[in-house]
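Read in order, the letters of the first sequence are residues 0 to 223 in numbering that gives the first Met the number 0.
Note that the Cβ used here is the ideal one computed from N, Cα and C, for glycine as well.
The model shown is predicted, which means the values in this text are computed figures rather than measured ones.
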Amino acid sequence: MLDMEKDNKVKEKLLNIYQRLRDFFGPLSWWPGDSKLEIMVGAILTQNTNWQNVSRAISRIKEYNLLKVTELYNIDEKYLAQLIKPCGYYNLKAKRLKNFINYFYRLYDGSTEKMFVRDCYSLREELLGINGIGQETADSILLYAGEKPIFVVDSYTRRILERHKMIQCDSNKDSYEKIQAFFMNNLPKDHNLYNEFHAQIVMVGKNYCKLGKPDCQKCPLSSI
DNA sequence: TGCCAGGCCGGGT
DNA sequence: ACCCGGCATGGC
Numbered sequence: 000m001l002d003m004e005k006d007n008k009v010k011e012k013l014l015n016i017y018q019r020l021r022d023f024f025g026p027l028s029w030w031p032g033d034s035k036l037e038i039m040v041g042a043i044l045t046q047n048t049n050w051q052n053v054s055r056a057i058s059r060i061k062e063y064n065l066l067k068v069t070e071l072y073n074i075d076e077k078y079l080a081q082l083i084k085p086c087g088y089y090n091l092k093a094k095r096l097k098n099f100i101n102y103f104y105r106l107y108d109g110s111t112e113k114m115f116v117r118d119c120y121s122l123r124e125e126l127l128g129i130n131g132i133g134q135e136t137a138d139s140i141l142l143y144a145g146e147k148p149i150f151v152v153d154s155y156t157r158r159i160l161e162r163h164k165m166i167q168c169d170s171n172k173d174s175y176e177k178i179q180a181f182f183m184n185n186l187p188k189d190h191n192l193y194n195e196f197h198a199q200i201v202m203v204g205k206n207y208c209k210l211g212k213p214d215c216q217k218c219p220l221s222s223i
């Protein structure tokens with residue numbers, strides 16, 4: 000078979016997965032949050048943490064009207080840690096949040112317009128330079144707050160691709176970049192598509208593809 | 001009750 | 001270049 004034909008099969012399968020999920024769950028309208036700042040804060044707080052706990056932590060910040068750049072910039076780190084306690088790793092995350100806010104405030108005056116006018120990939124490198132921001136967090140910020148066409152890869156993405164034998168399993172795990180390239184090379188570069196696709200992956204992952212007990216029977220991807 | 005959750009870092013090999 | 005321990009709360 001020609002390489003191009005194989006390529007088209009992969010593209011087809013990927014779009015098929017997307018269509019099934021989209022039909023099953025309906026539009027998910029990510030990222031949850033009232034502002035770009037809230038999205039970026041959420042991206043940091045949700046590291047290895049379920050969204051419900053993050054949601055609580057964000058509500059507590061909002062309760063005191065502190066979900067603003069200047070407030071977060073001036074807030075005491077220890078106090079911030081107590082505020083975000085429900086999301087876990089609160090000392091670590093308070094520090095990481097501060098690192099990001101310091102960067103955002105000092106380089107871009109806390110303006111998302113100024114920040115996201117920058118080129119996607121140089122901005123990505125810049126974000127990765129902040130201690131506490133890794134690839135998934137950087138890409139979540141770029142895609143969901145910046146509306147940049149860059150695909151977000153997380154543990155669910157990896158797990159689901161493995162279960163459907165679209166990437167290597169266990170030992171010799173494919174890197175973040177390889178998986179990201181797999182999506183981006185086989186899909187149109189459309190931030191709305193990447194937005195919805197990742198949201199759908201998380202949804203099916205949470206509900207049908209858990210680590211301990213996957214429910215493959217009811218999974219909308221079962222027959223693929 | 002124990003395992004899991006929308007990772008990342010620093011240190012060791 | 002991998003591999004590992006640490007970080008921590010709340011839900012099921």
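Integer-rounded CB distance, given that residue j should sit under 8 Å from residue i
i	j	result
Tyr104	Tyr72	5 Å
Glu76	Lys97	5 Å
Ile38	Trp30	5 Å
Ala229	Leu27	Outside the modelled stretch of the chain, which goes from 0 to 223, sits residue 229, for which no answer is possible.
Arg95	Gly131	3 Å
Residue i versus residue j - alpha carbon distance
i	j	result
Tyr89	Thr45	11 Å
Asp33	Tyr63	16 Å
Phe196	Lys92	27 Å
Pro213	Leu106	44 Å
Leu82	Asp6	49 Å
Pro187	Ala137	21 Å
Tyr17	Lys10	11 Å
Ser170	Tyr155	At Ser170 the pLDDT is 49, less than 50, meaning the model places this residue with poor confidence and gives no usable figure here.
Lys164	Phe150	19 Å
Leu224	Asp189	Past the boundaries of the shown model lies residue 224; the chain is included only from 0 to 223, so the question cannot be answered.
Leu20	Lys12	12 Å
Pair within 7 Å by beta-carbon distance, residue i and residue j
i	j	result
Arg55	Pro85	yes
Tyr120	Val152	no
Tyr102	Leu142	no
Phe182	Gly145	no
Ser221	Cys215	yes
Ala42	Ile178	no
Cys208	Arg158	yes
Gly87	Thr111	no
Ile129	Phe99	yes
Leu66	Ile60	yes
Gly109	Val68	yes
Endpoints, the alpha helix (DSSP H) within which residue i is located
i	result
Tyr102	Tyr89 to Tyr107
Met165	Where Met165 is concerned, there is no enclosing alpha helix (DSSP H), given that its DSSP letter is neither H nor E.
Val201	His190 to Tyr207
Leu20	Asp2 to Phe24
Trp50	Trp50 to Glu62
Gln134	Gln134 to Ser139
Thr111	Thr111 to Phe115
Asn184	Tyr175 to Asn185
Leu44	Lys35 to Leu44
Gln81	Glu76 to Leu82
Cys120	It should be pointed out that residue 120 corresponds to Tyr in this sequence rather than to Cys. Where Tyr120 is concerned, the enclosing alpha helix (DSSP H) stretches over Cys119 to Leu127.
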